[in-house]
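Down below is the structure, laid out as structure tokens.
This is how it looks when you write it as structure tokens:
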């Protein structure tokens, strides 16, 4: 990994070691990071600028906390009134990867379906569990306990299936 990546400072442990999470982090829990300057507990939840030791995505170094823009220079975006879609089909098909710039993020929820899309990776996390989906078609499910239940067939299909 080369260049600066923006992550979030999630915690400072009892030994004073900051922990961060960031795009591309496949670990279930936030990762301990090295720092270039002192960071206080007030910064927990803030965005941080990260570099990676020897380009290794598992070895983050916090370069600093991203500061909020001063209010005097902040220009609010114009407010536009958006009508809700008339049908669930409209809500799901509003977004197209060709229509949006590369850094666009959008979540459309219509009560019937949630369609999350990303160009590289989607990660859902909660405590010690995570589900990661990559653009290559890889799905990784991690957890302290994983359970599947079905009132019908519970099928496992694949080029090969390995158990234990």
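Residue numbers (our numbering): 1 to 164.
For glycine and all other residues, C-beta sits at the position ideal for the given N, C-alpha and C.
Taking the straight line between their C-alpha atoms, what separation do you get for residue i and residue j?
| i | j | result |
| --- | --- | --- |
| residue 161 | residue 39 | 46 Å |
| residue 29 | residue 42 | 21 Å |
| residue 59 | residue 154 | 39 Å |
| residue 50 | residue 3 | 8 Å |
| residue 134 | residue 142 | 14 Å |
| residue 37 | residue 124 | 31 Å |
| residue 18 | residue 12 | 4 Å |
| residue 44 | residue 131 | 24 Å |
| residue 55 | residue 151 | 47 Å |
| residue 64 | residue 127 | 26 Å |
| residue 146 | residue 67 | 40 Å |
| residue 164 | residue 144 | 15 Å |
| residue 14 | residue 22 | 21 Å |
Going by CA-CA distance only, name the one from the options that's closest to residue i.
| i | options | result |
| --- | --- | --- |
| residue 136 | 147, 126, 120 and 151 | 120 |
| residue 5 | 53, 148, 157 and 144 | 53 |
| residue 35 | 128, 140 and 9 | 9 |
Our contact map puts residue i next to residue j with C-beta atoms below 8 Å; I'd like the distance itself, whole angstroms only.
| i | j | result |
| --- | --- | --- |
| residue 20 | residue 31 | 6 Å |
| residue 61 | residue 33 | 6 Å |
| residue 24 | residue 57 | 5 Å |
Indicate the three-state DSSP secondary structure (helix, strand or coil) for residue i in the structure shown.
| i | result |
| --- | --- |
| residue 56 | coil |
| residue 38 | coil |
| residue 136 | coil |
| residue 43 | helix |
| residue 96 | Only weak support exists for where residue 96 lies, its pLDDT of 40 falling under 50; the value from the coordinates is given anyway. Coil, per DSSP. |
Within the same chain, show all residues whose beta-carbon is closer than 6 Å to that of residue i, passing over the 5 residues directly before and after it, in chain order.
| i | result |
| --- | --- |
| residue 116 | 122 |
What does a CB cutoff of less than 8 Å around residue i pick up in its chain, not counting 5 residues either side in sequence?
| i | result |
| --- | --- |
| residue 139 | 131, 132 and 133 |
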